[in-house]
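Protein chains in written order, with my numbering: chain V, 9 to 321; chain F, 3 to 606; chain P, 486 to 782.
One structure is given below, encoded as structure tokens.
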Amino acid sequence: MILYVLRRLIAGLVLAVLVTMITFLLLSTSFDDIAGSTLGSSATPARIEEQKAQLGLDRPVLVQYLDWLFHAVRGDFGLSYFTSEPVRSAIAARLGVTLSVVLAALLLTAVVGVTLGVLAATRGGVVDRIAQGASLFGHLVPNLLIAIGLVWLLALRLHWFPATGYTPLGEDPTRWAASIAIPVLALTAAGAASLTSQVRGAMIDELRKDYVRTLRTRGIRPRSILLRHALRNAAGPALTVLSLEFVQMFGGALVIEQVFALPGFGSYAFNASLQGDVPIIMGITLFAVLLVVCVNLLVDLANGWLNPKARIR
Amino acid sequence: MSTAPSNATPARDQGDRHDPAEAAASRRSPLRRLLRDPQAVISAGILLVIVALGLLTPLITDHGPNQASLDAINADAGSHGYLLGGDKSGRDIFARLLSSVNTSVVAALIGTGIALAIGVAFGLIGGYYDRRLRAVTEWVFSLVMTFPGLLLLIVLLPVTNGDYRVTMMIFGVLLSPGVYRLVRNLVLSVRSELYVDAARVSGLPDRRILSRHILYTVRGPVVIATAFLAGASIGVQSGLAFLGVGPSTVPSFGAMIADGFTNFYEEPLQFLWPSLTLGVITASLVLLGNSLRDVLEGGRPEPSRITAPAPRPTTGLTTGAGSSGLLTVEDLALAYPTSSGELKEVVSGVTLSLEAGETLGLVGESGSGKTQTAFAILGVLPAEAVVTRGSVRLDGRELLGLSERELCGVRGRAVTYVPQEPMSNLDPSSTVGSQLVEGIRTTTPMSRREAGERALALLSRVGISDPRRVFASYPHQISGGMAQRVLIAGAVASRPLLLIADEPTTALDVTVQAEILDLLRDLRKELNMALLLVTHDFGVVADSCDRVAVMQQGEIVETGDVLDLFSAPRHPYTRTLLDSLLDENSARTDQPGVADESWQKEAR
Amino acid sequence: MTAPLLDLSGLRVTYPGRGFRARPHEVLHGVSLLAREGETLGIVGESGSGKTTLGRAVLGLVTPSGGHVRFRGRDITHASRKERRALARDIQVVFQDPYSSLNPALAVGDILSEPLTTQGATTREARDRIAELLDQVGLPKDAARRLPREFSGGQRQRVAIARALASEPSLIVCDEPVSALDLTTRARVLDLFVDIQRRTSVAYLFISHDLAVIRHVSHRVSVMRGGEIVETGDAGQVTSLPRHPYTQMLLLAAPVPDPVAQRERRQERHRLLARERAEPGAVERVEQGTDPGQFGS
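This is the structure we're talking about:
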């Protein structure tokens with residue numbers, strides 16, 4: 009078990025090295041522009057070469073990458089080209105915002121998706137049609153439009169929540185909750201839509217299986233069959249969908265943060281990329297990969313717990 | 003690998019309600035069925051109109067999408083050649099809207115095209131060919147899949163310079179693992195189909211097998227996926243444009259929405275038009291995709307409630323001559339709704355009775371309704387089944403019309419059940435022990451510990467030599483014969499009056515079958531339990547039954563003592579069945595034909 | 486002297502273990518048997534005995550890890566795809582499941598023309614031959630235009646037999662061809678098999694778990710158990726008066742459809758079991774296997 013986790017983590021590290029290397033190689037094709045953009049539009053070619061040398065961008069690409077990797081392993085991700093802020097603390101400061109939005113959305117997605125999915129699968133009739141309609145709506149309307157629609161309704165019309173801005177949790181928990189409420193709802197809408205149809209389908213499949221009938225003939229109550237047996241067997245595939253949701257929400261947070269002017273990871277990455285701030289881009293890439301690796305590992309462990317056949321020995 | 007001697011026929015008893023009219027209807031080409039689906043026609047029509055408008059932009063509009071004019075700034079809709087008015091920079095909103103359609107179409111074509119090209123090609127190769135090659139492709143694709151796509155697109159901004167076509171190429175690559183997995187799984191499942199083996203035996207080259215047998219299966223799901231991929235591409239492209247990625251000269255819904263968003267309070271309509279068009283396009287794609295799925299893969303599954311079948315008013319009213327038997331089934335009829343809404347009867351007026359301690363064999367071929375009759379007695383018919391008339395009385399109590407809750411008090415106590423397929427009838431993710439304990443504690447209140455001991459005692463009673471190990475095992479860790487013993491243990495735990503066994507040995511090897519039949523016979527004597535044995539096998543009937551009821555097409559054609567039935571069958575159908583039996587004397591006696599000739603040749 | 490039609494000697498088949506670094510396991514441990522022109526060789530065994538793998542090895546669907554498969558004296562153990570294509574004219578197959586052995590998307594006519602056109606027949610020739618084949622297996626003429634799902638299990642199996650007969654083979658591997666069929670259908674399809682053999686003198690390698698079926702169609706019978714052949718002989722002798730204790734056990738375990746005879750047989754089986762319990766080793770117990778792979782693998 010511990011061996012398995014270790015193996016997975018090592019594989020994750022290898023993956024992180026590969027992804028960051030590919031990113032770096034791709035970025036290296038535009039180092040000229042990057043050096044130029046740090047200087048402003050009036051820079052002469054000679055000045056750009058000088059700047060490249062100063063940033064270390066004139067060395068062989070692989071040497072630069074290994075240099076970055078060597079420092080990264082020791083926790084040093086360098087300084088931003090533009091603000092000279094250490095990348096590590098900059099990311100850490102912004103991650104809290106993004107994670108609180110994404111994790112809250114993920115939790116809400118799980119609750120809403122599973123509840124609606126199970127209800128739709130077992131009740132039928134009106135409940136099923138409402139659940140399916142809601143799920144279809146989440147699929148139909150692009151995330152961006154849902155977000156803007158929610159701002160219009162909840163902030164501008166009903167004045168329940170502020171339209172933009174962020175209050176840190178430490179400052180005022182209630183206002184923190186209010187400030188992330190609309191972004192979380194917007195992310196949940198799309199996520200819950202696909203989870204609902206997934207859970208519905210998986211539950212229907214499960215309830216048609218032979219063992220459900222046999223459990224009924226043993227006099228076991230429907231509620232126990234539903235929750236102890238069918239849902240547990242349907243949870244595996246739903247969990248996989250949820251982990252993909254996490255990855256997607258992480259990307260989706262980019263747009264959402266822009267709409268709501270949240271000082272998060274996404275908008276930070278976006279601005280850094282527009283400017284070509286290589287140390288920040290690399291730090292963000294590494295961080296995102298590690299995060300995804302950890303989430304996938306957790307999902308696989310949970311899957312093993314749910315499904316004895318998939319359990320590792 | 004070796005095949006279990008699974009006689010799959012009885013399992014089709016329930017599912018295969020063969021309807022020639024339905025089969026003929028589904029023979030019609032998918033395209034024609036699609037054209038009869040209003041949702042598909044409307045959504046496809048909307049998409050076609052929008053794309054056509056986009057293509058005709060230069061002919062329809064008076065202004066270029068980037069042509070700014072001072073007097074058009076925030077112009078009202080309809081004013082001097084500006085159909086939808088002008089935006090805050092004085093550009094024609096209508097012209098920009100139509101040009102944005104073109105941008106979206108190109109984005110969708112690039113993203114979807116690349117995702118399909120990579121995904122389908124590698125899916126076919128990875129699915130059909132070597133395992134080692136598959137391991138490599140698998141690894142690469144799972145690597146691509148783990149990365150948050152939008153973030154990567156942003157991170158690579160310095161490389162792409164925000165050109166949406168390059169961005170969409172990368173996005174296509176990011177979408178390809180999904181297509182790859184879809185295709186690979188389909189290919190793997192087709193590959194194990196026997197008709198592919200038959201094609202290989204026929205000497206069909208791989209290329210022909212791929213194009214003839216495999217691409218056909220892959221085609222439908224890929225078409226469906228295409229609609230969703232196009233929607234995703236358009237969504238991402240407009241999301242990025244909304245963020246301000248890319249040159250401002252490329253008209254795009256995202257850029258227009260962003261412009262409109264900043265101008266929201268003054269001119270809300272400027273925000274509405276691009277949002278509406280974008281919404282209509284993606285919604286049409288999703289709806290079209292759903293229609294395609296319904297047509298190509300059959301409709302979405304209906305919900306399945308756990309509930310006792312709804313009886314018709316007449317049910318249970320036949321209080322006629324109450325015979326003293328343990329189980330009395332009178333004039334039982336049940337039906338399923340067909341696709342046309344009518345009811346199709348699968349059991350028509352079955353009457354049978356069972357005394358305490360007696361074994362009745364219910365014999366018939368597939369589709370005769372014998373399993374449906376058994377399920378009706380247990381009250382575990384699928385929710386869509388309708389009991390149209392009749393009565394089922396167990397120990398004097400009418401069972402039809404009881405609610406699921408009331409039935410829970412009867413099932414597992416007075417009447418229990420042993421199924422055909424032992425493996426699929428155990429919950430795969432609970433241990434054998436916990437499933438037994440749950441059943442025992444449902445019927446007899448006792449502590450978990452006591453129930454555990456009782457379960458262990460039952461396991462050793464049904465002939466399992468190492469009960470503790472089996473108790474702690476998951477179903478996939480034990481053999482089929484063992485699983486059937488576990489199910490029997492669960493069924494007799496509450497010392498029921500009646501055990502209904504539905505083809506209990508059909509899925510088992512013949513030596514295991516003999517032992518299971520012995521076990522059932524011993525338990526029946528020991529507990530003085532009645533046994534309703536549903537089977538298609540006259541050997542099993544001869545071995546275990548006191549009386550026999552023969553079913554044909556939903557009706558019982560003959561009932562009688564087992565000795566009489568074998569020696570003097572009365573109904574012609576029974577005689578046909580008995581004549582089809584292969585007995586000891588049916589051994590082949592003629593000599594191989596050609597062998598004689600070849601020997602003669604040798605002799606010469 | 487003419488070489489036998491099919492000659493297996495010391496045939497071994499090993500499957501790679503599932504998952505990474507899993508041990509491969511051998512399912513056939515050196516099987517040898519002979520089949521002559523025009524005869525039916527029955528192979529009987531329980532699940533896990535390797536009888537299906539044996540058939541697949543003859544068909545070239547699995548690659549043997551040792552031993553030889555000879556067809557009319559020619560070694561075809563490791564025949565190339567091209568050689569296989571030529572062999573397809575001589576060796577054909579009928580599978581167990583009539584539902585998965587026919588491509589649901591192809592009309593019966595297209596299914597039947599596949600082996601013909603592969604062998605180089607023109608469309609016209611193929612059409613005539615298909616009409617002939619449908620007639621031979623007792624299906625109506627218009628069947629060629631219909632899809633497999635419009636037929637019952639027994640009719641589908643007739644289509645599969647027609648496909649196997651298309652290229653006039655000299656050997657058909659029949660893998661449990663009647664196990665999924667109803668009682669009355671089963672008898673008719675078995676009679677069709679025998680009838681076709683009398684007319685075309687094709688040989689069958691007839692694989693089944695059911696001794697009664699094997700007895701009905703076979704001239705000679707081999708009994709398999711755990712990847713080995715335990716007994717081979719004349720069909721009448723092996724299926725009625727078996728010599729090997731395992732075959733005796735198999736025979737006694739199969740219930741006869743006659744209550745009186747079955748009671749005797751059951752008592753005989755109990756006597757055999759009691760004798761074996763008294764002196765273990767005569768027959769190892771077949772059941773009570775704790776190997777998870779034993780069932781339905």
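Virtual Cβ for every residue (Gly too), placed ideally from N, Cα, C.
These figures come from a predicted structure and were not determined experimentally.
Contacting residues, own chain, Cβ-Cβ under 8 Å from residue i (five flanking each side not counted)
i, result
"E304 (chain F)", "E386"
"P339 (chain F)", "L345, K346, E386 and V388"
"T284 (chain F)", "G233, I236 and G237"
"S494 (chain P)", "S517, G552, H553 and R555"
"R572 (chain F)", "E560 and G562"
Sequence-distant residues of the same chain with beta carbon closer than 7 Å to residue i, five excluded per side
i, result
"G56 (chain F)", "L100, V103, N104 and V107"
"A238 (chain V)", "M211, E214, L215 and V220"
"E24 (chain F)", "Reliability fails at E24 (chain F), whose pLDDT of 47 lies under 50, so the model's placement of it is uncertain and no value is given."
"L587 (chain P)", "I596, P633, R641, V644 and A645"
"A189 (chain V)", "F169"
"I308 (chain F)", "E406"
"L127 (chain V)", "V135 and A139"
"S550 (chain P)", "R497, V498 and T499"
Residue i and residue j closer than 7 Å at C-beta
i, j, result
"V297 (chain F)", "P40 (chain F)", "no"
"G205 (chain F)", "A739 (chain P)", "no"
"A142 (chain V)", "V267 (chain V)", "no"
"D333 (chain F)", "G392 (chain F)", "yes"
"L47 (chain V)", "Q62 (chain V)", "no"
"R443 (chain F)", "A453 (chain F)", "yes"
Whole-Å CB distance - residue i paired with residue j, under 8 Å assumed
i, j, result
"V702 (chain P)", "G527 (chain P)", "7 Å"
"G411 (chain F)", "R226 (chain V)", "That belief does not hold up - the Cβ atoms of G411 (chain F) and R226 (chain V) are roughly 12 Å apart, past 8 Å."
"L618 (chain P)", "L591 (chain P)", "About 16 Å separates the two Cβ atoms, so there is no contact after all."
"G256 (chain F)", "Q272 (chain F)", "No, G256 (chain F) and Q272 (chain F) are not in contact; Cβ-Cβ is about 14 Å, not under 8 Å."
"G639 (chain P)", "I615 (chain P)", "The Cβ separation is near 19 Å, so there is no contact."
"L490 (chain P)", "A720 (chain P)", "With a Cβ gap of about 17 Å, L490 (chain P) and A720 (chain P) do not count as contacting."
Identity of the residues DSSP links to residue i by a beta bridge
i, result
"Y476 (chain F)", "Note: Y476 (chain F) sits in no beta bridge, so no partner."
"R523 (chain F)", "BP columns for R523 (chain F) are empty, so no partner."
"G562 (chain F)", "F:V550"
"V394 (chain F)", "F:V331"
"E716 (chain P)", "P:V708"
"C659 (chain P)", "P:V579 and P:F691"
Contacting residues, own chain, Cβ-Cβ under 6 Å from residue i (five flanking each side not counted)
i, result
"D545 (chain F)", "L519"
"R136 (chain F)", "G128"
"T322 (chain V)", "The question about residue 322 (chain V) has no answer, for chain V in this structure spans 9 to 321."
"A358 (chain F)", "L328 and A532"
"R19 (chain F)", "Unreliable placement is indicated for R19 (chain F), whose pLDDT of 38 sits below 50; no coordinate value is reported for it."
"E769 (chain P)", "For E769 (chain P), the pLDDT reaches just 48, beneath the cut-off of 50, and the residue's location in the model is therefore unreliable, although a value from the coordinates is still provided. Excluding sequence neighbours, E769 (chain P) sits near nothing in its chain."
Cβ-heavy atom distance, residue i to the ligand ADP, below 6 Å
i, result
"A232 (chain F)", "Of the ligands one can find in the structure shown there are none, so the ligand ADP has no counterpart to examine."
Below-7 Å beta-carbon distance, residue i vs any chain B residue
i, result
"Q752 (chain P)", "This model lacks chain B altogether, as its protein chains are V, F and P."
Which residues, in chain order, does the segment 711 to 728 of chain P contribute to contact with chain F at a C-beta distance below 8 Å? A720, G721, T724 and S725
Interfacial residues, the segment 206 to 235 of chain F to chain P, with Cβ spacing under 9 Å: L206, P207, D208, R210, R214, H215, Y218 and T219
Could you name the residues of the segment 555 to 582 of chain F whose beta carbon sits closer than 7 Å to any beta carbon of chain P, in the order they occur along the chain? V564, L565, F568, T578, L579 and S582
What are the residues of the segment 249 to 264 of chain F that lie near chain V, defined by any Cβ-Cβ distance shorter than 8 Å? G256, I259 and F263
Residues of the segment 141 to 156 of chain V whose Cβ lies closer than 8 Å to any Cβ of chain F, in chain order: L144, H147, L148, V149, P150, N151, L152, L153 and I156
Contact residues within the segment 690 to 703 of chain P, judged by C-beta distance below 9 Å to chain F: I692, S693, H694, D695, L696, A697, V698, R700, H701, V702 and S703
Beta carbons nearer than 7 Å to chain F: which residues of the segment 273 to 288 of chain V have them? A277, F278, S281, L282 and G284
Contact list for the segment 446 to 480 of chain F against chain P, Cβ threshold 7 Å: S467, H478, Q479 and I480
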